[in-house]
Amino acid sequence: MPRTHRRPFAHRGLGHLTGLLVVIGAAGGALPAAGQEKPYPIFTAEHFVPAMKTVGQAFAAVTASLGRNEFEDSKAYLVISRDRLATTITFWRDRKKDDAIRMLRDAVAKLDDLDAALSADRIDPAAVAASVKQVGAACEACHATYREQDPVTKAYKLKTGTIE
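Be aware that the sequence shown starts at 918, since it is given in this note's numbering, and climbs by one per residue.
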């Protein structure tokens, strides 16, 4: 029977330990020093506008799939809407727009309510329709304050003078 040689315990995994220490050291160098605020990503208008377009397109897909009683598809599109909308909080925080933050949180909560209605064992079409209407109202509340339509191109943009 061939003899197998094992390295002594002290040497087993030494390469793994060295690799782990290198990774920990590299990660530690990227962390802020004690007492410093942790920086978060910059979220500019150039990020915000495409994010909101994605939210709008995904929510349009939610309502279209609901019209076809494709509830699983609706939920998948709803996840996209909610996740993308939630990331915009950084934009509003950077600009200290507490009213927009409140409206954003309300809209996210309404999306969560719609998700709950779509997750019920037995889906109630009236409850789903009411939730969709509430999401629309939550979105419109913010849009009335912060969005305007270009009269020529008909494209929507951030309302001039609201975020400076």
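Glycine residues also receive a C-beta, built at the ideal position from the N, C-alpha and C atoms. Note that the structure is predicted; figures quoted are calculated from it, not measured.
Cross-strand partners of residue i (DSSP beta bridge)
i: Glu-1065; result: Lys-1074
6 Å CB neighbourhood of residue i in its chain, flanking five on each side removed
i: Phe-960; result: Thr-1007 and Phe-1008
i: Val-972; result: Ser-998, Arg-1001 and Leu-1002
i: Arg-1045; result: The question names Arg, but residue 1045 is Val in the sequence shown. Within the same chain, Val-1045 has close Cβ partners Ala-1034.
Cβ neighbours of residue i in the same chain (closer than 8 Å, five flanking residues each side left out)
i: Asp-1041; result: Ala-1034
i: Cys-1059; result: Ala-1017, Met-1020, Leu-1021 and Ala-1024
i: Leu-1028; result: Leu-995, Ser-998, Arg-999, Leu-1002 and Val-1052
i: Ile-1080; result: Ala-962, Arg-1012, Lys-1014 and Tyr-1063
i: Arg-1010; result: Ile-1018
i: Val-1049; result: Val-979, Thr-980, Leu-983 and Leu-1031
Residue environment, residue i, which counts as buried when at least 16 other CB atoms sit within 10 Å
i: Ala-1072; result: exposed
i: Ala-981; result: exposed
i: Thr-935; result: Only weak support is given to the placement of Thr-935: the predicted model assigns it a pLDDT of 46, under 50, and the value that follows is read from those uncertain coordinates. Looking at its Cβ environment, which holds fewer than 16 other Cβ atoms inside 10 Å, Thr-935 is exposed.
i: Val-979; result: buried
i: Thr-1005; result: buried
i: Thr-1054; result: Thr is not the amino acid found at residue 1054; the sequence shown has Ala there. So Ala-1054 ends up on the exposed side.
i: Ala-977; result: exposed
Between the region 1033–1042 and the region 984–996, can you find at least three pairs of beta-carbon atoms closer than 8 Å? Touching, yes.
Between the region 1023–1030 and the region 960–970, do at least 3 Cβ pairs fall closer than 8 Å? At 8 Å Cβ cutoff, the stretches do not touch.
Which complete beta strand (DSSP E) runs does the region 989–1068 hold, if anything under 3 residues is left out? Counting whole runs of 3 or more residues, the region 989–1068 contains the beta strand (DSSP E) stretches 1064–1066.
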